[in-house]
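Enquirer: A single structure is presented below for examination.
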Ligand SMILES: *Cc1c(COP(=O)(O)O)cnc(C)c1O
């Protein structure tokens, strides 16, 4: 039988609260520990690559992560998060509005969600087609706003992943650069899922190459390379990543496979 709150004895209420606090603090301990391990990995990768650790920003990927857990990380001084689903972004952002941090959208964006994503996102890293860019431009014009964006490139050629084909990336960058409400700040990619790092590396090299080429064009200055996740951040940093996007290594395993987050029908 479900116990009514008023029938709980005082001592059991105290005990329950105590257990709750214990669980919260164990979770906080875990997240804080994971954050420091990740920073250590980033620092070591930078040293190995001869780069300054300040050149690489840590993005916390918070799909399926509760607002309470995100708060724990933000209170440690983290200030950049990435969400894959507009619904999660819309639900969690108001719960964390007392903290100042940057929210990037990193999931597949359907045009019918543009209005909602623009309410909360500071940047959209997943612009991968002209139709989407044009719809963003229209809405931003209507709202008299501007937004930072990244172009997402599918460097692994895996069909399950979104992003413009590398051969068409320049064309898309040129076209998007003509839309004055969108400011192209970077490029984003998801590396190939493979245990062989020499198969992953070319994905990141390709993205870095596209950035170099694009920056030869007039009026284009792309600074950021968003690449590297929990399993491959070291390779990405060696290849020039300026933002690594880390979920699992900070918040633990997710119940859904990543394909769930990359499939627009789910
Ligand atoms: C889930 C996800 C990540 C983080 O992946 P982890 O392996 O959990 O670190 C990074 N980028 C995108 C686009 C994601 O969907």
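Residue numbers (my numbering): 242 to 507. Beta carbons are placed, not taken as given, at the ideal position from N, Cα and C, and that holds for glycine. This one's a predicted model, so the numbers in the text were calculated from it and none came from an experiment.
1. Out of 329, 440, 445 and 291, point me to the one whose CA is closest to residue 484's CA.
2. Using 10 angstroms around the beta-carbon of residue 315, count the other beta-carbons present and answer buried if the total reaches 16, otherwise exposed.
3. Could you tell me which residues DSSP puts in a beta bridge with residue 346?
4. How about residue 301 and residue 487: are their beta carbons less than 8 Å apart?
5. Beta-carbon separation of residue 337 and residue 311 under 8 Å?
6. With a 10 Å radius around its C-beta and 16 neighbouring C-beta atoms as the bar for buried, classify residue 406 as buried or exposed.
7. Does the separation of the CB atoms of residue 403 and residue 368 fall below 8 Å?
8. Just the C-alpha distance for residue 220 and residue 287, rounded to the nearest angstrom, thanks.
9. Is any heavy atom of ligand 1 found at a distance shorter than 7 Å from the C-beta of residue 470?
10. Let's see if you can read the secondary structure: which residues bound the alpha helix (DSSP H) around residue 383?
11. Are the beta-carbon atoms belonging to residue 361 and residue 321 less than 8 Å from one another?
12. Which residues bound the alpha helix (DSSP H) around residue 492?
13. Around the C-beta of residue 393, are 16 or more other C-beta atoms found within 10 angstroms, so that it is buried, or is it exposed?
14. Measuring alpha carbon to alpha carbon, tell me which residue in 457, 453, 475 and 408 is nearest residue 465.
15. Would residue 441 and residue 427 qualify as a contact pair, given that the criterion is a beta-carbon distance under 8 Å?
16. Using C-beta distances below 7 Å, list every residue in its chain close to residue 449, excluding the 5 sequence neighbours before and after it, in chain order.
17. Examine ligand 1 and report whether any of its heavy atoms sits within less than 7 Å of the Cβ of residue 490.
18. Tell whether a beta-carbon distance below 8 Å holds between residue 359 and residue 384.
Expert: In brief:
1. 445
2. By the 10 Å Cβ count, residue 315 comes out buried.
3. Looking at the DSSP assignment, residue 346 forms a beta bridge with 324 and 365.
4. A contact, by the Cβ cut-off of 8 Å.
5. yes
6. exposed
7. no
8. What the structure shows of the chain is the stretch from 242 to 507, and residue 220 is not part of that stretch, so it cannot be assessed.
9. yes
10. 371-384
11. no
12. Segment 489-492, the alpha helix (DSSP H) holding residue 492.
13. With 16 or more Cβ atoms within 10 Å of its Cβ, residue 393 is classed as buried.
14. 453
15. At a Cβ-Cβ threshold of 8 Å, residue 441 and residue 427 do not count as neighbours.
16. 466, 480 and 481
17. yes
18. Between residue 359 and residue 384, the C-beta gap is smaller than 8 Å, which places the two residues in contact.
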